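Below: one structure, written as structure tokens.
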Amino acid sequence: MSVRVRFAPSPTGNLHIGGARTALFNYLFARHHGGKFILRIEDTDTTRSKKEYEENILQSLKWLRMDWDEFYRQSERMGIYSEYLEKLKSAGKVYKCFCTKAELDEKRRKCDLMKRPYKYDGKCSGLSAEEIKNLEAEGREHVIRFRIEPGTTVINDLVRGAISFDNKDLDDFVLTRSDGVPTYNFCVVIDDALMDITHIIRGEDHISNTPRQLQIYKALGFKEPFFAHIPLIIGADKAKMSKRDGGVAVTDYSGAGYLPEATVNFLALLGCSYGSDEQVYSLTALIEKFSVEHINKSPAVFDMNKLEWLNGFYIRQKTDGELAGLLTPYLAVKGITPDKTKLAAVIKLEKERLKKLGDIVENAGFFFTDHLEYDKDAYEKFFKNSGVLALLGEYEHELRHIAFDKASLEVFTRGFVEKKGLKLKDIVHPVRLALTGKLVSAGLFEVMETLGKDVVLYRLNQPR
Ligand code: GLU
Numbered sequence: 002m003s004v005r006v007r008f009a010p011s012p013t014g015n016l017h018i019g020g021a022r023t024a025l026f027n028y029l030f031a032r033h034h035g036g037k038f039i040l041r042i043e044d045t046d047t048t049r050s051k052k053e054y055e056e057n058i059l060q061s062l063k064w065l066r067m068d069w070d071e072f073y074r075q076s077e078r079m080g081i082y083s084e085y086l087e088k089l090k091s092a093g094k095v096y097k098c099f100c101t102k103a104e105l106d107e108k109r110r111k112c113d114l115m116k117r118p119y120k121y122d123g124k125c126s127g128l129s130a131e132e133i134k135n136l137e138a139e140g141r142e143h144v145i146r147f148r149i150e151p152g153t154t155v156i157n158d159l160v161r162g163a164i165s166f167d168n169k170d171l172d173d174f175v176l177t178r179s180d181g182v183p184t185y186n187f188c189v190v191i192d193d194a195l196m197d198i199t200h201i202i203r204g205e206d207h208i209s210n211t212p213r214q215l216q217i218y219k220a221l222g223f224k225e226p227f228f229a230h231i232p233l234i235i236g237a238d239k240a241k242m243s244k245r246d247g248g249v250a251v252t253d254y255s256g257a258g259y260l261p262e263a264t265v266n267f268l269a270l271l272g273c274s275y276g277s278d279e280q281v282y283s284l285t286a287l288i289e290k291f292s293v294e295h296i297n298k299s300p301a302v303f304d305m306n307k308l309e310w311l312n313g314f315y316i317r318q319k320t321d322g323e324l325a326g327l328l329t330p331y332l333a334v335k336g337i338t339p340d341k342t343k344l345a346a347v348i349k350l351e352k353e354r355l356k357k358l359g360d361i362v363e364n365a366g367f368f369f370t371d372h373l374e375y376d377k378d379a380y381e382k383f384f385k386n387s388g389v390l391a392l393l394g395e396y397e398h399e400l401r402h403i404a405f406d407k408a409s410l411e412v413f414t415r416g417f418v419e420k421k422g423l424k425l426k427d428i429v430h431p432v433r434l435a436l437t438g439k440l441v442s443a444g445l446f447e448v449m450e451t452l453g454k455d456v457v458l459y460r461l462n463q464p465r
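Throughout the sequence shown, residue numbering follows my numbering, covering 2 to 465 in sequence.
Put into structure tokens, the structure is as follows:
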């Protein structure tokens, strides 16, 4: 059997990080088995689907280096769904339902009051031809519902094992809406069957749809695919992922300066293990090792620290030259066009500390501008203290005669504080504040060396 899998996003929002994980599992599975990875845009919901979201999805998948073999858009396949709806009609598997929205809302409300799950009661399932004719003559709108057969439906899930449903609990669900637009549960089956999808790997939030979809497979005599429902991703607080977990769209991560290699590596570990404690995997290694058997049943916790750690790791794998290219756009957004030599020196200094590319602005923006933004509290604490200002003045004065390499600067500074009976931190904090605007930076003597004597003396000399 040659493997064919698909990723089937609805373009109703930017590609969510959870969606990207689903796409990745499908992609790894396809490439591992030498099969095909199909991208299908599920855009039948014309009110919620937007071209810009489709573009965001494609752009995000490309950024993650997931290339697809075939591409489809459901909105271009409407004729096919009508054809299969006709087949279901002739086989007596569907019926017209004239219930109004108000009527159904009322029934749903009553169920809620009684704390019972709502399920369509089949009111229209036994309408006679005569009754239907009359309702249509009145101009009443209708949807088409699928008639669920009695019995049980079993999903043989590759992750969760057999999951059994009593068909009594499945209601006669809608296949086409009153405007004739086919629903997700209908199109998905027709497409998966006609596209010869062998394995459906998707989020476990779809488990409740699967028995309904299996009914359509049966009614149309389609061969059932294998299913693998993958665990949900939850935030650090064990609740559903939200914006608080550091952005939810893939483009939020790419924008902040996460690297695609790190993001792929991180997503691949969300709910799947690869047979060892190793955390670092290239895309090639993931393709080689991926297996549905290694997918977990329990929810995957989104650990931002792990993503940052991985990202830092991949940043340090880059050459300084590659990093210069990657960091320049982040500086450009802040109006900084760095001099090449200076940027190279700053990269040497900051490479170890970067968790994401965007950090370059916060960590090292002060190298490229003379208009420092000072940490307010620190400014009050140090620069409103005449003792500290006097000390800085003396330091600056003596510094004029010192060679500007980090070793000489350190020897000099240590000698300076010793002479005064002070501690190193007594001078390091205010000097760092004067040079960088902040109390945290790369090693001070390296910062001084990189800034150069003129800039250091100038900044120490600023009136406070
Ligand atoms: N369009 C559906 C979604 O975005 C696809 C679900 C599926 O994979 O069947 O959730």
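Just so it is clear, CB atoms sit at the ideal spot from N, CA and C, and this is done for glycine as well.
Everything numeric in this text was worked out from a predicted model, so none of it was measured.
- Setting aside the 5 residues that flank it on each side, His33 is surrounded in the same chain by Ile288, Phe291, each with a C-beta closer than 6 Å to its C-beta; the list follows chain order.
- Exposure of Asp170 is indicated by the presence of fewer than 16 other C-beta atoms within 10 angstroms of its C-beta.
- About 20 Å separates the beta carbon of Glu323 from that of Ala443, a gap too long to meet the 8 Å contact definition.
- Between the region 94-114 and the region 129-146, the count of C-beta pairs closer than 8 Å reaches three or more; the two stretches touch.
- Of all alpha-carbon atoms in Leu89, Cys273, Asn266, the one lying nearest the alpha-carbon of Asn297 is that of Cys273.
- Taking all protein chains in view, the Cβ of Ser61 is crowded by 16 or more other Cβ atoms within 10 Å, so the residue is classified as buried.
- Residues Leu425 of the same chain have their beta carbon placed closer than 8 Å to that of Arg415, with the five preceding and five following residues left out of the count.
- Bounds of any beta strand (DSSP E) do not take in Thr211; it lies within the alpha helix (DSSP H) bounded by 211-221.
- Only residues of its own chain outside the window of five on either side were considered, and among them Arg5, Arg7, Pro226 have a CB closer than 6 Å to the CB of Ile198, listed in chain order.
- The ligand GLU never approaches Pro226 closely enough for any of its heavy atoms to be under 6 Å from the residue's Cβ.
- For Thr320, there is no enclosing alpha helix (DSSP H), as DSSP gives it neither H nor E.
- By the neighbour-count criterion, in which a residue is buried when 16 or more other Cβ atoms sit within 10 angstroms of its Cβ, Met67 is buried.
- Shown here for Val155: same chain residues with a beta carbon closer than 8 Å to its own, the five before and five after excluded, namely Ala163, Ile164, Ser165, Phe166 in chain order.
- Selection Asp173, Lys341, His230 evaluated against Ile201 yields His230 as nearest (Cα-Cα).
- Val6 has its CB no nearer than 6 Å to any heavy atom of the ligand GLU.
- Per DSSP, Cys112 is one residue of the alpha helix (DSSP H) stretching across 102-114.
- Between Asp44 and Ser76, the gap from beta carbon to beta carbon is short of 7 Å.
- A direct Cα-Cα distance of roughly 11 Å separates Gly80 from Cys188.
- Three or more Cβ pairs closer than 8 Å define a contact, and the region 432-446 meets that threshold against the region 366-375.
- Contact check for Tyr275 against Thr264 fails: the beta carbons are separated by 7 Å or more.
- Counting C-beta pairs closer than 8 Å gives three or more between the region 360-371 and the region 320-338, which meets the contact rule.
- If you draw a 10 Å sphere on the C-beta of Phe26, you find 16 or more other C-beta atoms in it, and that means buried.
- In the structure shown, Thr177 adopts extended strand secondary structure according to DSSP, grouped into three states.
- The C-alpha of Ala24 lies about 31 Å from the C-alpha of Ile361.
- Counting only residues of its own chain and dropping the five nearest sequence neighbours on each side, Arg465 has a CB closer than 7 Å to the CB of Phe384, Leu390.
- As the crow flies, the alpha-carbon of Leu445 is around 15 Å from that of Glu353.
- Pairing Asp173 with Ile149 gives a Cβ-Cβ distance under 7 Å.
- Per DSSP, Val155 is one residue of the beta strand (DSSP E) stretching across 153-158.
- When the Cα atoms are used, Leu355 and Gly388 turn out to be separated by approximately 35 Å.
- Contact between the region 176-190 and the region 86-94 is established, with three or more Cβ pairs separated by less than 8 Å.
- In the structure shown, the three-state DSSP call for Tyr185 is helix.
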